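Here the protein sequences line up with chains E and W, keeping their order. Take 1 as the starting number for the first sequence in the UniProt record's numbering and just add one per residue. Take 1 as the starting number for the second sequence in the UniProt record's numbering and just add one per residue. We put the beta carbon where it would ideally sit given N, CA and C, even for glycine. Treat the numbers as computed from the prediction; the structure is a model and nothing was measured.
There are 2 protein chains.
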Amino acid sequence: MVSIKDIAKQAGVSISTVSYALNGSNKVTDETSSKILAIAKELNYVPNAAARTLKKRESKILGVFLTDFSGDVYGDLLSGMKAVCNAQGYDLIVCSGKQSHRMLPERMIDGAIILDHTFASEELMQYADRGHKIVVLDREMDHPNINQVLLDNKAGATLAMEHLIEQGHKKIYVVTGPEGSFDSVQRLKAVRQVAEREADVEWIEITGDFEKSGGEQAADQIVQVYDGPAAVFCLNDEMAIGLCDRLADSALGVGQEIDVIGFDNIELSKYVQPRLASIDYSKRKWGSLAAEQLIKIIAGEPVDHERIYVTLVEGGSVSGPIPSDSVISMRNDRAVSY
Amino acid sequence: MVSIKDIAKQAGVSISTVSYALNGSNKVTDETSSKILAIAKELNYVPNAAARTLKKRESKILGVFLTDFSGDVYGDLLSGMKAVCNAQGYDLIVCSGKQSHRMLPERMIDGAIILDHTFASEELMQYADRGHKIVVLDREMDHPNINQVLLDNKAGATLAMEHLIEQGHKKIYVVTGPEGSFDSVQRLKAVRQVAEREADVEWIEITGDFEKSGGEQAADQIVQVYDGPAAVFCLNDEMAIGLCDRLADSALGVGQEIDVIGFDNIELSKYVQPRLASIDYSKRKWGSLAAEQLIKIIAGEPVDHERIYVTLVEGGSVSGPIPSDSVISMRNDRAVSY
DNA sequence: TTGTACGCGTTATCAA
DNA sequence: TTGATAACGCGTACAA
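Okay, here's the thing in structure tokens:
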């Protein structure tokens, strides 16, 4: 592997001169400098990242930690992050799984963005205490080295509930996420708040898991006890889709006997029939904002926690209780600002 | 940041003793060793990755390079890679975009898996020449430091074409990928081979781009010239879905006037109505095999190029030309081994 | 057990 | 001014 030493030898100068030349310092004559650059190019010199990182105590790499690599949410989110990172001279790497956590304390990366509920908050807190910079997208944490960029779950869940209630629903099933999920807890809290405010609305909570299977199981439960028009608010789209799938095998029609609304407005939701009503937000913006915040706290700029706003997307999966004998027409998607 | 030096000071030993103790060498007394370990834990010592990488000349990190972070193909593919990497003591990071290429020559990663047609082969060849280890999933390259793990595109395209022909189709549109795409070229070659063999089959090539919009444009073209039963083989599912979407706005029904088959069998394909026929393969296996091969060539073991086998998945989107007045029944998905 | 050279690049200090 | 010397960052591993 060719190092600055080789270049120095070839150019007949010292390694420091080479380093200065390569970094565009004005401590070297243009003449020597261009000679050195030429030799570097000729030898295909590439600096060693480990050496640079070791000395400069920064890698110019940011890491994002995800629960897994699948998931429809991630595409735009990551593009947004990457765009900001690259514009600011950082590279972005995507990691998943406990093994990769070491990247942060070992200083392979200059900071981390967390969207992985399996990454323990205690662990994050330790890292923050040791000076590592972190942005969390999936929990609340207060620490000078941690910044939050959270979805406005409360607004989203409220929008969804109000939409169902406006359509005339009096009985609403709510399918939750897994126990530890911050998003689930937040959304559920808002659901309860809205429901408690409306005296004539009954709501039933069903424990889910944010996965398709959870929605399917919820469907089974609902079909068994069905006794009249009802709506289901699945706290994420994946469960909503599982639920719709399963309902398709039953006598209950989505957007007819049962209305369904989700949360996240993932790509797939546009393709289910009828179109799934959901809560939308800009995943790209979420990602770019997270990256911006991380870069700021790395630079030592103090920043406040941020929030990502949400909108309601209507769909044929919600059309009011028992449309009696009228034909159910597919609506166009309309985004309603909150 | 606490380093071995701090531990050495606290323990009253030399840094080399600390290093040996931390690495479980038997060159240190159990007594001193456990004492050192205790102090290390107490001080929250974490080794510095840059220093270790610099000295050992390996990072134990593999990188996978993708064109973008979206794409339904990637979930299982990456899980497969990660599983193998972790089992073998490696970490996996996911990168995208030209900026991140530097990770390889700068030796931040020990090897790379490429699934990104925008990553120039010449560039890869240079890296290979300089000793970097690479596995390519999207092109053919011959070099001792490069291994191929490719889809069996020929088999897949042949299966798809034969399926359409078996159903009685005589007129087949083929929507291709973008110019430079290896997969597109390979699949198209197989298409031609099959079509040329069948004297009474007419085939028409339409240039696409492997994106939804390409399928939509192809649909427009086909609708304009439609003059009787025909089938469309989209060289990937994304285009097939775009095409189906657009056809839904026309008078031509998918699985009725027009049969459609795709390639990749992405998650979404299960949700379009009628279910999209496609060519399936194990993305997880593809990923795990790629990782295995990369780790092998890093270890200096010589390996042969590998191939991922494919199967046909039938769907309601293909049901034979003009089903006349009979009702088209949704078929179950059946996987047919090739 | 320990001293020390080494991996590679950066940068402060000092000499020509 | 221009450029060389050397310390440094941190961990590894050989020689003593």
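Residue i classed as buried or exposed, judged by whether at least 16 other C-beta atoms fall within 10 angstroms
i, result
"residue 326 (chain E)", "The predicted model places residue 326 (chain E) with a pLDDT of 37, which falls under 50 and marks its position as unreliable, so this point remains unresolved."
"residue 153 (chain E)", "buried"
"residue 173 (chain E)", "buried"
"residue 148 (chain E)", "buried"
"residue 29 (chain W)", "exposed"
"residue 300 (chain E)", "exposed"
"residue 12 (chain E)", "exposed"
"residue 50 (chain E)", "buried"
"residue 310 (chain W)", "buried"
"residue 164 (chain W)", "buried"
"residue 269 (chain E)", "buried"
"residue 260 (chain W)", "buried"
"residue 14 (chain E)", "exposed"
Beta-carbon separation (whole angstroms), residue i vs residue j, contact threshold 8 Å
i, j, result
"residue 133 (chain W)", "residue 111 (chain W)", "4 Å"
"residue 318 (chain E)", "residue 255 (chain E)", "7 Å"
"residue 146 (chain E)", "residue 128 (chain E)", "5 Å"
"residue 182 (chain E)", "residue 117 (chain E)", "7 Å"
"residue 46 (chain E)", "residue 144 (chain W)", "Wrong, their Cβ atoms sit about 20 Å apart, outside the cutoff."
"residue 272 (chain E)", "residue 271 (chain W)", "6 Å"
"residue 288 (chain W)", "residue 80 (chain W)", "4 Å"
"residue 171 (chain E)", "residue 202 (chain E)", "5 Å"
"residue 36 (chain W)", "residue 7 (chain W)", "6 Å"
"residue 20 (chain E)", "residue 9 (chain E)", "Actually they are not in contact, since the Cβ atoms of residue 20 (chain E) and residue 9 (chain E) sit about 16 Å apart, beyond 8 Å."
Pair within 8 Å by beta-carbon distance, residue i and residue j
i, j, result
"residue 135 (chain E)", "residue 290 (chain E)", "yes"
"residue 266 (chain W)", "residue 232 (chain W)", "no"
"residue 212 (chain E)", "residue 179 (chain E)", "no"
"residue 216 (chain W)", "residue 246 (chain W)", "yes"
"residue 95 (chain E)", "residue 65 (chain E)", "yes"
"residue 295 (chain W)", "residue 159 (chain W)", "no"
"residue 208 (chain W)", "residue 175 (chain W)", "yes"
"residue 197 (chain W)", "residue 157 (chain W)", "no"
"residue 76 (chain W)", "residue 284 (chain W)", "yes"
"residue 169 (chain W)", "residue 321 (chain W)", "yes"
"residue 48 (chain E)", "residue 99 (chain W)", "no"
"residue 308 (chain E)", "residue 92 (chain E)", "no"
"residue 177 (chain W)", "residue 109 (chain W)", "no"
"residue 214 (chain E)", "residue 242 (chain E)", "yes"
"residue 161 (chain E)", "residue 185 (chain E)", "no"
"residue 253 (chain E)", "residue 277 (chain E)", "no"
"residue 210 (chain E)", "residue 74 (chain W)", "no"
Short CB-CB distance (under 8 Å) between residue i and chain E
i, result
"residue 105 (chain W)", "yes"
"residue 41 (chain W)", "no"
"residue 119 (chain W)", "no"
"residue 13 (chain W)", "no"
"residue 141 (chain W)", "no"
"residue 10 (chain W)", "no"
"residue 239 (chain W)", "no"
"residue 19 (chain W)", "no"
"residue 44 (chain W)", "yes"
"residue 87 (chain W)", "no"
"residue 54 (chain W)", "yes"
"residue 261 (chain W)", "no"
"residue 91 (chain W)", "yes"
"residue 164 (chain W)", "no"
Chain W contact for residue i (CB, 8 Å cutoff)
i, result
"residue 147 (chain E)", "no"
"residue 47 (chain E)", "yes"
"residue 161 (chain E)", "no"
"residue 32 (chain E)", "no"
"residue 130 (chain E)", "yes"
"residue 313 (chain E)", "no"
"residue 333 (chain E)", "Residue placement at residue 333 (chain E) is flagged as unreliable, the pLDDT there being 37, under the threshold of 50; a coordinate-derived value is accordingly withheld."
"residue 76 (chain E)", "yes"
"residue 271 (chain E)", "yes"
"residue 278 (chain E)", "no"
"residue 125 (chain E)", "no"
"residue 113 (chain E)", "no"
beta-carbon residue i near the ligand ADP non-hydrogen atom, thresh 7 Å
i, result
"residue 34 (chain E)", "The ligand ADP is not among the ligands present in this structure, which contains no ligands whatsoever."
Inset, instruction - Entirely within the UniProt domain "HTH lacI-type" (2 to 56) of chain E and at least 3 residues each: give me those beta strand (DSSP E) ranges in chain order. - result: As far as the UniProt domain "HTH lacI-type" (2 to 56) of chain E is concerned, it has no whole beta strand (DSSP E) run of at least 3 residues.
Inset, instruction - Go through the segment 224 to 248 of chain W residue by residue and report every complete run of the alpha helix (DSSP H) that reaches 4 residues or more, in order. - result: Segments of the alpha helix (DSSP H) lying fully in the segment 224 to 248 of chain W: 237 to 248.
Inset, instruction - Could you tell me which uninterrupted beta strand (DSSP E) segments, each at least 3 residues in length, are contained entirely in the segment 242 to 316 of chain W, listed from first to last along the chain? - result: Considered as a whole, the segment 242 to 316 of chain W harbours 258 to 261, 278 to 280, 306 to 308 and 311 to 313 as its complete beta strand (DSSP E) runs of no fewer than 3 residues, in chain order.
Legend entry - Whole runs of the beta strand (DSSP E) within the segment 90 to 149 of chain E, excluding any shorter than 3 residues: Taking only runs of at least 3 residues, the beta strand (DSSP E) segments lying wholly in the segment 90 to 149 of chain E are 91 to 96, 111 to 115 and 133 to 136.
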